[in-house]
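Down below is the structure, laid out as structure tokens.
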Amino acid sequence: MAFLPFTRPQIDEPTIAAVADVLRSGWITSGPQVKAFEAELSEYCGGRAVRSFSSGTAALEIALRLARVGPGTEVITTPLSWVATANVVLAVGARPVFVDIDPATRNIDLARAEAAIGPATRAIIPVDLAGLPVDRTRLNDLARRCGLRVIEDAAQSFGASWDGRRIGSFGDFVCFSFHANKNITCAEGGAIVLPDAAQAAECELWRLQGVRRSGEDGMEVDFAGEKANLTDLAACIGRGQLKRLEEFTARRRQLARRYFEQLRPEWQLELPPRDFQCSNWHMFQVLLPPGADRGRFIQAMRAQDIGIGVHYPAMHLFSLYRGMGWQRGQFPHAERAGAAIVTLPLFPAMADEDVERVCAALPRALAEART
6 MAFLPFTRPQ
16 IDEPTIAAVA
26 DVLRSGWITS
36 GPQVKAFEAE
46 LSEYCGGRAV
56 RSFSSGTAAL
66 EIALRLARVG
76 PGTEVITTPL
86 SWVATANVVL
96 AVGARPVFVD
106 IDPATRNIDL
116 ARAEAAIGPA
126 TRAIIPVDLA
136 GLPVDRTRLN
146 DLARRCGLRV
156 IEDAAQSFGA
166 SWDGRRIGSF
176 GDFVCFSFHA
186 NKNITCAEGG
196 AIVLPDAAQA
206 AECELWRLQG
216 VRRSGEDGME
226 VDFAGEKANL
236 TDLAACIGRG
246 QLKRLEEFTA
256 RRRQLARRYF
266 EQLRPEWQLE
276 LPPRDFQCSN
286 WHMFQVLLPP
296 GADRGRFIQA
306 MRAQDIGIGV
316 HYPAMHLFSL
326 YRGMGWQRGQ
336 FPHAERAGAA
346 IVTLPLFPAM
356 ADEDVERVCA
366 ALPRALAEAR
376 T
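Residues 6 to 376 in our numbering are what the sequence shown spells out, letter by letter.
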């Protein structure tokens, strides 16, 4: 039986042919494909200005810079995310301030976030874990009342919505990722949806070394920007993927429903919220039962040709952040989730039978994880 990974990108033949055309064109770095992709993303986001980047990480970092977050400031965020969420705060010279998650949604607890606001707090980075959006109504109300910038880490929630509105069509800075494991991919890539179209020019400077060009040969540099531009090859893949977003999202929701039908209470797995309105079902994550060894569980599933992901360990327990004073026991909900969470296979090309195959393998793997 073929190995079933926890995710796999689905690139169709028309997109592959389009990439070949870009290669033949001789223009493979940022060019017409990037401009077209940004225009299509803008249309998807209700006409807001969008600029693309080489990664979602670059998008987050540059959004912080555009929001004037820097040395002497603090940014509130969740410890349950890919470590880039906090690393970018360090990259701009600011300090990440972690607060615990809501155990029901596994997203940042906004009440705890409000309690953590201090004189140096400049911004908040909420993370839409597994594609389930943070409560945007409460989030934006909090930001307005407390004078905070919001840098949405929507890396996992492209195609999700809140209160009937697409993520990206409203809000402050909204940052997407188009990494290989995301719901649509550029192989690698990202984007910022900007709160003010006037910031687009500054955004372009940040992503390409701060270089300003004029005339045929004029060049000036006012500040040290970065090298974070998207290539035309990547943008071409993204354009093909964007056309299939609704199809992909619908299929992910079907597969998630199938999991809920197949998973059994006696397995004692802690399931994600049953959200079929807002979430894009980027991942289907469960928490293993108390006493189960995650490493043994992963090995046991792999022995049955099924791949399992871990998204994510609680990042404040990494040595980098322990060295800044964060300690075990500060965020018990995030620590519990980070130690027990596993990502089951879910991607659009899966068949219903693949979900049944995963669920059939679970009892044996759980038994081995408890020994």
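We put the beta carbon where it would ideally sit given N, CA and C, even for glycine.
Comparing alpha-carbon positions, which option in the options lies nearest residue i?
i: Gly-136; options: Phe-281, Ala-297, Ile-303, Trp-331; result: Phe-281
i: Glu-193; options: Asp-168, Ser-59, Ser-166; result: Ser-59
i: His-184; options: Glu-251, Leu-260, Lys-232, His-287; result: His-287
i: Ala-205; options: Ala-54, Gly-31, Gly-164, Ser-35; result: Ala-54
i: Arg-127; options: Pro-101, Thr-142, Ser-166; result: Pro-101
i: Glu-275; options: Met-306, Arg-327, Arg-341, Phe-253; result: Arg-341
i: Cys-283; options: Gly-314, Asn-188, Ala-366, Trp-167; result: Trp-167
CA-CA distance, residue i and residue j?
i: Ala-25; j: Gln-38; result: 13 Å
i: Thr-62; j: Trp-211; result: 14 Å
i: Thr-376; j: Ala-370; result: 10 Å
i: Thr-348; j: Asp-227; result: 45 Å
i: Ala-255; j: Ile-242; result: 20 Å
i: Gly-215; j: Gly-75; result: 18 Å
i: Leu-144; j: Ile-16; result: 35 Å
i: Tyr-49; j: Arg-249; result: 12 Å
i: Gly-36; j: Arg-218; result: 16 Å
i: Asp-140; j: Leu-213; result: 34 Å
i: Ala-91; j: Leu-46; result: 26 Å
i: Arg-149; j: Ala-120; result: 15 Å
i: His-316; j: Phe-352; result: 16 Å
i: Ile-113; j: Gln-290; result: 16 Å
i: Val-97; j: Arg-154; result: 15 Å
i: Arg-258; j: Ala-354; result: 13 Å
i: Asn-186; j: Gly-245; result: 16 Å
i: Phe-42; j: Thr-12; result: 24 Å
Strictly by DSSP, which residues pair up with residue i?
i: Thr-82; result: Phe-103, Ile-130
i: Gly-195; result: Phe-58, Ser-182
i: Gln-3; result: Because the chain spans 6 through 376 in this model, residue 3 falls outside it and cannot be assessed.
i: Val-216; result: Val-226
i: Arg-154; result: Ala-128
i: Ser-166; result: Arg-171
i: Glu-275; result: Leu-292
i: Leu-247; result: Answer is none; Leu-247 lacks a bridge partner.
i: Leu-2; result: This structure leaves residue 2 out entirely; the chain is present only between 6 and 376.
i: Lys-232; result: Leu-213
i: Ile-113; result: Ile-106
Would residue i be called buried (16 or more neighbouring beta carbons within 10 Å of its own) or exposed?
i: Ala-339; result: buried
i: Asp-158; result: buried
i: Ile-21; result: exposed
i: Thr-190; result: buried
i: Thr-82; result: buried
i: Leu-85; result: buried
i: Pro-124; result: exposed
i: Gln-161; result: buried
i: Pro-277; result: buried
What are the start and end residues of each continuous alpha helix (DSSP H) run of 4 or more residues lying completely inside the segment 317-361, in chain order? The qualifying runs are 324-327, 337-345.
Q. Taking the runs of the alpha helix (DSSP H) that are 4 residues or longer, which of them lie wholly in the segment 14-75?
A. 18-30, 37-49, 61-71
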